[in-house]
Amino acid sequence: MPSLYIDGSWTAGSGGSAEVINPFDASVVETVDQAGPDDVERAVIAARTAFDTGPWRTTSAPERGALLRRVAELLVRDKEEIARTETLDTGKTLVESRIDVDDVTAVFRYYADLADKEAGRIVDTGQSNVLARVVHEPVGVCVLITPWNYPLLQLSWKVAPALAAGNTCVIKPSEVTPLTSILLVKLLEEAGVPRGVVNIVLGDGRSVGAPLTEHAAVDMVSFTGGLATGQAIIRASAATVKRVAVELGGKNPNIVFADTDLDLAADWALTAVFLHAGQVCSAGARLIVEDALHDDLVAEIGRRAERIRLGNGFDDKSESGPLVSAAHRAKIEDFVASAQAEGARLVVGGKRPDEPELQQGFFYRPTVFADVRRDMRVIREETFGPILTVERFSTEAEAIELGNDTEYGLAGAVWTADMGRAHRVAGALRHGTVWINDYHPYVPGAEWGGFKRSGNGRELGPTGLAEYQEHKHVWHNTAPAPARWFKG
Ligand code: NAP
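For the sequence shown, the tail end lands on 1465 under the working numbering, and the numbers increase by one without skipping.
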């Protein structure tokens, strides 16, 4: 079946084909079609025409919500197939992929419910003859560009609110992991999304992503990915003054005070950073530990990290899968080499696994560095892999200062039994999400996004819907009279 969906039809496109690789063993999962320049153009024009003339934008908000609810039901129906595809595509464990599909379903339900509850407001003008209201309207044609770590989840955070608000879309998934995005578009089609409202084009960022961000007929770009790409997209969109929402990387502090139980701290330090092989934007890659607990915690983490079982995502015994690609593993190896060259102490890992059955895939052992300095590259830059660094602090002020010493501001955590201190630190951290005595949870109703260079927008929650809305002021004078400003 062709892989591009443009103007309500599945089509092969003119950009040739590309292989989708299973990161577990480097085998070919599927060959997918690639978009040529003409396909990109057709997709944008289809979305433009559907927005300008089609029925979606004027479909009532409750009906749009009902369609999203049907998508949620289809996701429940196809959960296992979608989860298995996500594991084949990304290498993550099937348990994680199933959680992802449940989360995606919850996002569709959330925006189905919200669709008819954010219509706008009446404004009190103080004038009895004036009816003033602010109405929420769709932005228009939205380009949705997504990364490879949570392909389906990241897409759902964009496409569900974009459709709830009445927009039309062109989706561009990562070339590395396009398969579940294709499946979602099939479900949207089955749920009854009108022709041209949702389109998907496949291909790499340079030949497909960039032209979409530059296109004059596109009103908005919503992007999740790396900092450098986000900066390029903001620059590219300047010429046409598009709305741009970017969700970028993180270098997230996980701050542990010495009054935290050692078992709890070690357990969550591993979960914070090594989930999905560290390929999580909010991964707790910087563990920042109070002096009195530091040495014991480093020793315990090292002992446990060594025992993490890597393997096939389809094997129940696997605790972590591979990295997504050979190219990404090469980046991780480069970070490890630079940390060692700069004098960090390798506690554990720092190599590929030895097991013969893991040699074909893109595996890398969970790696822990202690005795790091803040100026090291492994501390300054997002590694996006299974690398944990451990720093130490002696005062609350120092913990906060370290936690904020990054150009990013996506997420972080604080662990302590002292609730006053927990809330002081949470208040002082310049990050978009702060967990107290926990790591990773999020819910569709709470906004997600970054401070500083982690991004400029918010996904999820009511703000995640507002991103896809224009707010228009309609002023109605019910008893017009001459102004007599000009006397003649
Ligand atoms: P990436 O390299 O920036 O790519 C993201 C997407 O942008 C891909 O679809 C990519 O296409 C496309 N792209 C590349 N160059 C482009 C250009 N010039 N114009 C338009 N599109 C372009 O990021 P990634 O490696 O896939 O993902 C990892 C990054 O995502 C990490 O930094 C991570 O922190 C971040 N992330 C952030 C969040 C968040 O919520 N803040 C969530 C998840 C991930 P191709 O890859 O097909 O070339």
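Every residue gets a Cβ at the ideal spot worked out from N, C-alpha and C, and that includes glycine.
Can you tell me whether Ala1269 sits near the ligand NAP, meaning its C-beta is under 7 Å from at least one heavy atom of the ligand?
For the purposes of this step, residue 1269 is taken as the residue at position 292 of the sequence shown. No, the ligand NAP has no heavy atom inside 7 Å of this Cβ.
Could you check if Leu1387 belongs to the surroundings of the ligand NAP, using beta carbon to heavy atom distance under 7 Å?
Along the sequence shown, one-based indexing puts residue 1387 at 410. Yes, Cβ of Leu1387 sits closer than 7 Å to a heavy atom of the ligand NAP.
How would you call Lys1464, buried or exposed, if buried means at least 16 neighbouring beta carbons within 10 angstroms?
Counting from 1 along the sequence shown, the entry for residue 1464 is found at position 487. Label assigned to Lys1464: exposed.
At a cut-off of 7 Å, would you count Lys1149 as near the ligand NAP, judging by its Cβ distance to the nearest heavy atom?
Mapped onto the sequence shown, residue 1149 falls at position 172. It does: the Cβ of Lys1149 is within 7 Å (strictly closer) of some heavy atom of the ligand NAP.
State buried or exposed for Pro1138, treating a residue as buried only when at least 16 other CB atoms are found within 10 Å of its CB.
Translated into positions along the sequence shown, residue 1138 becomes position 161. Flag for Pro1138 reads buried.
Look up Ala1394 in the DSSP assignment and say whether it is helix, strand or coil.
Stepping through the sequence shown from its first residue, residue 1394 is reached at position 417. Looking at Ala1394 - three-state DSSP - the assignment turns out to be coil, as it is neither helix nor strand.
Could you tell me the distance, in whole angstroms, from the CA atom of Leu1300 to the CA atom of Tyr1341?
Here residue 1300 corresponds to residue number 323 of the sequence shown, with the count starting at 1. Here residue 1341 corresponds to residue number 364 of the sequence shown, with the count starting at 1. Spanning the two alpha carbons is a distance of roughly 7 Å.
Consider the C-beta atom of Ile1210 and the heavy atoms of the ligand NAP; say whether any pair is separated by less than 7 Å.
For the purposes of this step, residue 1210 is taken as residue 233 along the sequence shown, with counting starting at 1. Checking the Cβ of Ile1210 against the ligand NAP gives yes.
With hydrogens ignored, establish whether the beta-carbon of Ile1122 is closer than 7 Å to any heavy atom of the ligand NAP.
Here residue 1122 corresponds to residue number 145 of the sequence shown, with the count starting at 1. At least one heavy atom of the ligand NAP is nearer than 7 Å to the Cβ of Ile1122, so yes.
Could you work out which residue in His1453, Asn1433, Val1072 is closest to His1472 when comparing CA atoms only?
Missing from the structure shown is residue 1472; the chain here goes from 978 to 1465 and no further.
So the beta strand (DSSP E) Gly1097 belongs to, where does it begin and stop?
Against the sequence shown, residue 1097 aligns to sequence position 120. Counting along the chain, the beta strand (DSSP E) containing Gly1097 begins and ends at 1097–1100.
How long is the line joining the alpha carbons of Arg1034 and Ser994, rounded to whole angstroms?
The count along the sequence shown starts at 1 and reaches residue 1034 at position 57. The count along the sequence shown starts at 1 and reaches residue 994 at position 17. Rounded to whole angstroms, Arg1034 to Ser994 spans 34 Å at the Cα level.
Does the region 1233–1244 touch the region 1277–1296, meaning 3 or more C-beta pairs lie closer than 8 Å?
The region 1277–1296 vs the region 1233–1244: in contact.
Just mark Val1005 as buried or exposed, buried being the case when its beta carbon has 16 or more other beta carbons within 10 Å.
Here residue 1005 corresponds to residue number 28 of the sequence shown, with the count starting at 1. Looking at its Cβ environment, which holds fewer than 16 other Cβ atoms inside 10 Å, Val1005 is exposed.
Assign Gly1438 to one of three DSSP states: helix, strand, or coil.
Working through the sequence shown from its first residue, we reach residue 1438 at position 461. DSSP places Gly1438 in helix when its eight states are reduced to three.
Can you list, in chain order, the residues of its chain with a C-beta nearer than 7 Å to that of Asn1381? Leave out the 5 residues immediately preceding and following it.
Position 404 of the sequence shown holds residue 1381. Same-chain partners within the cutoff: Leu1406, Arg1407.
Under 7 Å: does the beta carbon of Gln1011 sit that close to some heavy atom of the ligand NAP?
Locating residue 1011 in the sequence shown gives position 34, counting from the first residue. No - the ligand NAP has no heavy atom lying nearer than 7 Å to the Cβ of Gln1011.
Helix, strand or coil for Glu1424 per DSSP?
Taking the sequence shown and counting its residues from 1, one reaches residue 1424 at position 447. Here Glu1424 sits in coil by DSSP.
Strictly by DSSP, which residues pair up with Asp1010?
For the purposes of this step, residue 1010 is taken as the residue at position 33 of the sequence shown. Asp1010 is bridged to Ser994.
Is Ala1347 helix, strand or coil by DSSP?
The count along the sequence shown starts at 1 and reaches residue 1347 at position 370. Strand.
So, helix, strand or coil for His1400, using DSSP?
Numbered from 1 along the sequence shown, position 423 holds the residue referred to as residue 1400. It is helical.
Can you tell me whether Gly1103 is buried or exposed? The criterion is at least 16 other CB atoms within 10 Å of its CB, across all chains shown.
As a first step, residue 1103 must be located in the sequence shown, where it is residue number 126. The residue is exposed, with fewer than 16 neighbouring Cβ atoms inside 10 Å.
Residues in its own chain within less than 6 Å of Val1325 by CB, not counting five upstream and five downstream?
Start at 1 with the first residue of the sequence shown, and residue 1325 comes out as number 348. Excluding residues within five positions, the ones whose Cβ falls inside 6 Å are Gly1279, Ala1282, Glu1283, Val1345.
Does the ligand NAP have a heavy atom nearer than 7 Å to the CB of Asn1176?
Translated into the one-based positions of the sequence shown, residue 1176 becomes position 199. No - the ligand NAP has no heavy atom lying nearer than 7 Å to the Cβ of Asn1176.
Looking only at DSSP bridge pairs, what is Ile1364 linked to?
Within the sequence shown, residue 1364 is the residue found at index 387, counting from 1. Ile1364 pairs with Thr1344.
Sorry if obvious, but does the Cβ on Val1153 come closer than 7 Å to a heavy atom of the ligand NAP?
Here residue 1153 is taken as the residue at index 176 of the sequence shown, counted from 1. Indeed, a heavy atom of the ligand NAP lies less than 7 Å from the Cβ.
Just reading off the alpha helix (DSSP H) that Trp1125 is part of, what are its end residues?
Within the sequence shown, residue 1125 is the residue found at index 148, counting from 1. From DSSP, Trp1125 is part of no alpha helix (DSSP H); its letter is neither H nor E.
Identify the residues that DSSP records as bridge partners of His1469: which are they?
Any answer about residue 1469 is impossible in this case: the structure gives the chain only from 978 up to 1465.
When the Cα atoms are used, what is the spatial distance from Ala1394 to Thr1157?
Residue 1394 sits at position 417 when you count from the first residue of the sequence shown. Residue 1157 sits at position 180 when you count from the first residue of the sequence shown. Ala1394 and Thr1157: Cα-Cα distance of roughly 41 Å.
Among Pro1128, Ala1304, Arg1369, which has the Cα closest to the Cα of Ser1151?
Here the question's residue 1151 lines up with position 174 in the sequence shown. Closest by alpha carbon: Pro1128.
In chain order, what residues of the same chain lie with their CB nearer than 7 Å to the CB of Thr1383, ignoring the 5 residues before and after it?
Walking along the sequence shown from the start, residue 1383 turns up at place 406. Lys1228, listed in sequence order.
Is the Cβ-Cβ distance between Ala1423 and Val1402 less than 8 Å?
For the purposes of this step, residue 1423 is identified with residue 446 of the sequence shown, where counting begins at 1. For the purposes of this step, residue 1402 is identified with residue 425 of the sequence shown, where counting begins at 1. Cβ distance not < 8 Å, so Ala1423 and Val1402 don't count as in contact.
Name, in chain order, the residues that DSSP records as bridge partners for Glu1447.
On the sequence shown, position 470 is the one that residue 1447 refers to. According to DSSP, which records beta bridges pairwise, Glu1447 is partnered with Glu1114.
How about Asp1196 and Arg1220: are their beta carbons less than 8 Å apart?
Within the sequence shown, the letter at position 219 stands for residue 1196. Within the sequence shown, the letter at position 243 stands for residue 1220. A contact, by the Cβ cut-off of 8 Å.
Out of curiosity, what's the CA-to-CA distance linking Arg1306 and Asp1101?
Looking up residue 1306 in the sequence shown gives position 329. Looking up residue 1101 in the sequence shown gives position 124. Taking the straight line from one Cα to the other gives about 58 Å.
Enumerate in chain order the residues of its own chain whose CB-to-CB distance from Gly1203 is below 7 Å, with the five nearest sequence positions on each side excluded.
Here residue 1203 refers to the residue found at position 226 when the sequence shown is read from its first residue. Once the five neighbours on either side are set aside, the close Cβ partners of Gly1203 are Leu1225, Gly1226.
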